[in-house]
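Colleague: The working numbering puts the first residue of the sequence shown at 672, with every later residue one more than the last.
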Amino acid sequence: MTVNIHKASTNFRYGITDPNQLIEFLQTEKPIGISFIGRSNVGKSSTINRLFGKNTAQTSKTPGRTRQINIFEFYLEIDGKPESGERKFWLFDLPGYGHASVSRKMQDEWQTLMHDFFVHAGENVLMLNLQDARHPNQKSDLQFKDYLKNFDHETFLVLNKLDKLKKQKERAQLEKMKPQIFKEHKSVKQIYFISAESGQGTENLERGIVEYLLLKEQIDANL
Ligand SMILES: Nc1nc2c(ncn2[C@@H]2O[C@H](COP(=O)(O)OP(=O)(O)OP(=O)(O)O)[C@@H](O)[C@H]2O)c(=O)[nH]1
Ligand SMILES: [Mg+2]
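1) Let me know the secondary structure DSSP gives Leu799 once reduced to three states.
2) Would you kindly work out how many angstroms separate the C-alpha atoms of Lys857 and Leu765, rounded to a whole number?
3) Judging by CA-CA distance, which residue of Asp891, Ala892 and Gly879 is the nearest neighbour of Val674?
4) Tyr863: which of Arg758, Phe723, Val790 and Thr718 sits nearest, CA to CA?
5) According to DSSP, simplified to helix, strand and coil, what is Pro850?
6) Locate the beta strand (DSSP E) running through Asn682, then write down its first and last residues.
7) Between which two residues does the alpha helix (DSSP H) harbouring Glu700 extend?
8) Tell me the rounded alpha-carbon separation between Lys810 and Asn795.
9) What residue from Leu833, Glu780, Lys678 and Gln871 has the CA that sits closest to Pro753's CA?
10) Unbroken beta strand (DSSP E) runs of length 3 or more, entirely within the region 803-842: which are they?
11) Quick check on the DSSP output: the beta strand (DSSP E) that includes Gln889 runs from which residue to which?
12) Is the beta carbon of Lys870 within less than 6 Å of some heavy atom of ligand 1?
13) Output yes or no for whether 7 Å exceeds the beta carbon distance between Leu801 and Asn831.
14) Would you check if the region 699-714 and the region 884-891 touch, i.e. whether three or more CB-CB distances between them fall below 8 Å?
What follows is the structure, given as structure tokens:
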């Protein structure tokens, strides 16, 4: 039996900028799902399109394009057969952090909205922290990881743009960083290397996501 994300089921539901609307959604829906967080331009929307169908999220060459929390619903499929109408899951495309050229006012608004997201998301939303495989752990990435320590959200670290690492040596260096990352960041449960552009590694990532969702769904159903 193979369980996958049913790409054709992904459906845009809300684009939220208002913190009160966000809190109401999270408290009412108690979502089981996943969210994408990372620096602007790291490839969040591209990765979402890979995993959830090619026109799900907007992608852009202009960093800082996604300014609101975009919320989608989706379903799973078992051996290629859609489960529509049964177990609903939620996908959150969060606005990127660490983009210097946005105004102070926009940065403050970002902080308020994101803080409310992390406070109210609950225990069933997996955080996918995307970073650029060519230069991970930028200042804003580290600041963000420290900030996440205030919460207890399960996190997958996803290093994207693997296609831009031409040399095997560069990839091996990344592999070597893994134990250190797990040690320093207890909430990081898995580390993936992917290319949203070529699709490399995205099947593994999808498997990890589906396992997370099925586990949470099962726990939820037994409560
Ligand atoms: N070479 C390469 N380019 C990529 C990859 N993933 C994304 N890109 C490119 O990087 C740019 C930014 O991608 P987006 O998916 O829009 O990035 P984002 O993180 O959603 O950006 P914001 O919404 O602004 O925060 C686009 O030009 C993509 O085509 C990848 O795996 N490899
Ligand atoms: Mg985006």
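Virtual Cβ for every residue (Gly too), placed ideally from N, Cα, C.
What you are looking at is a predicted structure, and each value in this text was computed from that prediction instead of being measured.
Modeller: Result, derived from the coordinates:
1) In this structure, Leu799 counts as strand in the three-state DSSP scheme.
2) Note on geometry: alpha-carbon atoms of Lys857 and Leu765 lie some 22 Å from one another.
3) Of Asp891, Ala892 and Gly879, the residue nearest in Cα terms is Gly879.
4) Check the Cα spacing between Tyr863 and each of Arg758, Phe723, Val790 and Thr718: the tightest is with Thr718.
5) DSSP places Pro850 within a helical segment (H, G or I) once states are collapsed to three.
6) Start and end: Asn682 to Ile687.
7) Start and end: Pro690 to Glu700.
8) Those two C-alpha atoms are separated by around 28 Å.
9) Nearest of Leu833, Glu780, Lys678 and Gln871 to Pro753, Cα basis: Lys678.
10) With a minimum length of 3 residues, the continuous beta strand (DSSP E) runs that stay inside the region 803-842 are 826-831.
11) Looking at the DSSP string, Gln889 is not in any beta strand (DSSP E); the run it does join, the alpha helix (DSSP H), is Thr873 to Asn893.
12) Per the sequence shown, the amino acid found at residue 870 is Gly instead of Lys. Result no, Cβ not under 6 Å from ligand 1.
13) Leu801 is a Cβ neighbour of Asn831, given a cutoff of 7 Å.
14) Segments in contact, yes.
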